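In our numbering, the protein residues as written are 235 to 458. Where a beta carbon is used, it is the ideal one built from N, C-alpha and C, also for glycine. From a predicted model like this one, the values you see are computed outputs, not experimental measurements.
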């Protein structure tokens with residue numbers, strides 16, 4: 235008995251051509267529902283670079299805004315409001331007419347001229363019988379004609395003290411703090427003698443900062 239011939243096979247036999255038989259497994263071929271496209275890595279890199287650039291730009295804008303805000307604040311508000319009360323604004327002024335040197339010292343202290351080249355600064359009693367600390371500050375002047383130049387005098391970068399155009403050296407020991415400088419053939423020595431009874435560190439610091447050689451144009455009470 236001949237097997238059944240499908241209409242397609244019958245036509246093929248008539249045409250004389252052969253077709254490959256088709257086989258069906260009874261199941262439809264699985265076709266992916268969606269094919270995801272993988273984005274190129276280069277595009278991701280450029281996106282990151284763009285985000286970083288925006289972040290840097292935003293940071294720069296914030297800093298610039300803060301800077302200009304600070305400038306405006308300092309311009310339209312008085313300095314005393316920003317810094318608070320100045321504890322040194324009422325200090326007294328000492329000037330040496332012989333050497334043209336001035337400095338400031340606390341208003342509850344007194345300056346005693348032992349000689350034209352030696353002055354002491356110490357706390358004055360606020361009431362009768364008050365025991366004062368032994369610590370005091372002195373300013374001494376001596377000729378330097380017989381000594382050689384210091385490293386600071388040769389090279390200002392070697393100086394350890396600078397204030398108002400004065401370059402010198404600063405040193406300390408357990409017994410004293412010293413600021414040393416020279417001008418016009420004279421040595422100037424500002425010394426805090428420490429006895430451990432009181433801390434004059436901040437006072438000595440401000441006295442050193444106020445040191446200034448006076449000129450006819452600069453002799454006001456606030457700037458000796």
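Cβ contact check for the segment 425-432 and the segment 362-382: 3 or more pairs under 8 Å: yes
Backbone CA spacing between residue 278 and residue 285 [nearest angstrom]: 11 Å
For residue 447 and residue 334, the rounded distance between their alpha carbons: 5 Å
Close-in-space but distant-in-sequence residues of the same chain around residue 316 (CB under 6 Å, 5 per side omitted): At residue 316, the pLDDT of 45 sits below 50, so the modelled position is not reliable; the number obtained from the coordinates is stated separately. Once the five neighbours on either side are set aside, residue 316 has no close Cβ partner at all.
Segment contact flag, the segment 415-425 with the segment 373-384, C-beta cutoff 8 Å, min 3 pairs: yes
Complete beta strand (DSSP E) runs within the segment 376-407 (minimum length 3 residues, chain order): 395-397, 400-406
Whole-Å CB distance - residue 413 paired with residue 340, under 8 Å assumed: That pair is no contact at about 17 Å.
Every unbroken beta strand (DSSP E) inside the segment 323-356 [3 residues or more]: 326-330, 335-339, 343-349
Cβ neighbour criterion (16 or more within 10 Å) applied to residue 302: exposed
Beta-bridge partners of residue 411, as assigned by DSSP: 406, 426
Status (buried if at least 16 other CB within 10 Å, exposed otherwise) for residue 353: buried
Whole-angstrom distance between residue 322 and residue 403, CA atom to CA atom: 24 Å
Buried or exposed (CB count within 10 angstroms, at least 16 for buried), residue 338: buried
Alpha helix (DSSP H) segment containing residue 439, residue limits: 435-444
Collapsed DSSP secondary structure at residue 371 in the structure displayed: strand
Rounded Cβ spacing between residue 350 and residue 328 (contact assumed at less than 8 Å): The pair is not a contact, with the Cβ atoms about 13 Å apart (cut-off 8 Å).
Residue of 358, 360, 330 minimising C-alpha distance to residue 347: 330
Residues bridged to residue 420 [DSSP beta-bridge criterion]: 377, 417
Short CB-CB distance (under 7 Å) between residue 422 and chain C: Absent here is chain C; the protein component of the structure consists of one chain.
Bridge partner(s) assigned by DSSP for residue 297: For residue 297, which the question treats as bridged, DSSP gives no partner whatsoever.
Classification of residue 442 by the beta-carbon crowding that lies within 10 angstroms, buried from 16 upward: buried
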